[in-house]
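Asks: Following UniProt numbering from start to finish, the sequence shown increments by one per residue and tops out at 409.
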Amino acid sequence: MKFPLYFSRKIAFSKDNKNNLSRVIIFIGRLSVALGIIVSLITVSTGLGSKKAIKERLGDFSGHITVKSTKSNSSYNTSVLDSQGLDIKNIKALPDVAAVQGYAMVTGIMRNENSFAGIIFKGVGKDFDSLRFKKFLTAGKTPFLNGEGYNNGVVISEKIANDLHLKVSDSIVTVFSKADQKPIYRNFEVVGIYKTDIKMIDDQFVVGDINHVRRIQDMKPDEIGGLDVFFKNINTIDEDFPLVEKYIGYKNYAEKATDKYPQINDWIGLFDTNIGIIISIMLLVVIINIIMVLLILIIERTNSIGLLKTLGATNGQIRATFINYTLIIMVPGLLFGNLIGLGLLITQKYTGIIKLNPTNYYVSVVPVDLNPWIIISISVGILIISGLALVIPSYLISKISPVKAIKYN
């Protein structure tokens with residue numbers, strides 16, 4: 001074993017540390033490291049968890065990528081998807097694609113004797129991914145859609161249900177208007193109630209049979225207004241987006257889930273900034289405290305430094321000894337910080353004890369992403385950066401004279 005590592009371990013586990021200033025200094029150093037790890041773990045795990053949860057909710061409701069006709073522009077009344085150059089078969093064959101479903105949308109007003117609500121009726125067909133949608137259901141079920149006839153069952157949001165005082169099995173009249181034509185009335189049955197916690201979706205969307213939209217919009221039986229493309233992993237959207245674009249034709253366009261709602265995209269972007277700021281602050285606090293520990297340990301052990309120099313130890317060896325000594329002191333702080341931080345995160349992940357206001361945060365429970373590589377990277381990163389930060393202050397050792405150090409009391 002090399003001398004610096006051997007000697008640093010000897011003084012780190014020496015009983016002399018238990019009844020002097022080192023005891024307090026070591027405790028402060030370990031506490032700062034533990035707090036730094038705890039705050040960093042919570043910040044990164046909840047920040048990344050929130051980003052992932054919001055993206056998944058957006059994507060699982062309306063497709064990770066949506067394909068629409070350029071005629072639709074930003075209108076909620078979708079135009080017929082142009083078939084020229086559109087190759088749905090090849091889109092489905094892409095390795096990362098999990099499912100593709102057709103849809104068509106039209107705006108309307110749901111009303112009863114109590115109130116009314118402006119809605120966007122999203123019509124889906126027999127390829128509707130009801131299993132993916134099931135996570136949003138708070139009551140009832142999705143309508144059974146086989147592509148034939150007209151199914152009058154609809155799924156409305158919890159917000160719309162509360163506004164109109166509706167529950168499962170209730171009937172509701174919906175009015176659709178067309179230019180230069182009389183209003184079209186449809187009577188629907190509420191078969192399910194959903195909640196995504198995303199205000200822009202919950203305030204407006206109703207899911208039902210695409211054949212109703214086709215009839216209202218004068219579409220042919222096989223025509224659709226758009227495609228929802230779902231991926232196996234939401235993190236591959238950026239990579240797969242250009243692959244999907246190759247098969248949609250020139251008169252259609254593709255749009256990522258987050259790009260539909262710029263305000264949500266901006267909100268998600270804030271997480272990266274906040275994570276970076278908090279991690280930087282925590283790292284700075286840890287480094288300052290660890291440098292303080294090193295300097296006080298050097299001052300306290302001035303006699304030992306002088307003795308080591310007298311016995312032939314080089315400045316480099318002594319610096320390495322004290323850097324190793326300080327890093328060994330940090331290890332218990334790292335361990336306890338990880339235990340406490342992971343304990344809090346695991347508790348939140350499986351109990352959801354800390355709630356949020358979905359109106360402001362787009363999620364009702366603080367989400368947690370326990371990525372093992374990130375957890376390891378935080379601890380290793382703090383250890384490495386702290387070790388590098390200790391190099392410059394350790395040069396104070398080279399200024400210590402062996403003769404004066406031995407006489408130092």
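Beta carbons are placed, not taken as given, at the ideal position from N, Cα and C, and that holds for glycine.
Use the C-beta contact count for D209: other C-beta atoms within 10 angstroms, 16 or more gives buried, fewer gives exposed.
Replies: buried
Asks: Between R23 and R319, what straight-line distance do the alpha-carbon atoms span, to the nearest angstrom?
Replies: R23 and R319: Cα-Cα distance of roughly 21 Å.
Asks: Quick check: the Cα distance between I224 and G102, rounded to an integer number of angstroms?
Replies: Cα to Cα, the separation comes out at about 6 Å.
Asks: Identify, in the order they occur along the chain, each residue of the same chain with its Cβ nearer than 8 Å to the Cβ of V191, setting aside the five sequence neighbours on each side.
Replies: G140, K141, T142, P143, G153, V154, V155, V168 and S169
Asks: Going along the chain, which residues of its own chain have a beta-carbon closer than 8 Å to the beta-carbon of N151, five neighbours each way excluded?
Replies: P143, F144, L145, G208, D209 and N211
Asks: Cα separation between K135 and Y250?
Replies: Whole-angstrom Cα-Cα distance: 35 Å.
Asks: With a threshold of 6 Å on Cβ separation, who are the neighbours of G147 within its own chain once the five nearest residues in sequence on each side are excluded?
Replies: G125 and K126
Asks: What are the partner residues of K122, as DSSP defines its beta bridges?
Replies: M105 and V207
Asks: Straight-line CA distance for V368 to I28?
Replies: The alpha-carbon atoms of V368 and I28 are separated by roughly 29 Å.
Asks: Which runs of the beta strand (DSSP E), 3 residues or longer, sit entirely within the region 40 to 80?
Replies: 65 to 69
Asks: Exposed or buried, M1, counting other C-beta atoms within 10 Å across all chains shown (16 or more means buried)?
Replies: Its pLDDT being 46, under 50, M1 is placed unreliably in this model, and the coordinates cannot settle the point.
Asks: Here's the rule I'm using: 16 or more other beta-carbon atoms within 10 Å means buried, otherwise exposed. How should I392 be labelled?
Replies: exposed
Asks: Starting from E245, follow the alpha helix (DSSP H) in both directions and report where the run begins and ends.
Replies: I237 to E245
Asks: So, with DSSP's three-state summary, where would you put Y350?
Replies: helix
Asks: Taking the alpha-carbon of E56 as reference, which of P183, I378, Y362 and L390 has the nearest alpha-carbon?
Replies: Nearest C-alpha to E56: Y362.
Asks: How far does the beta strand (DSSP E) with S171 in it extend, from its first residue to its last?
Replies: S171 to F176
Asks: Find out if the Cβ-Cβ distance for the pair G47, V286 is shorter than 9 Å.
Replies: The Cβ atoms of G47 and V286 lie no closer than 9 Å to each other.
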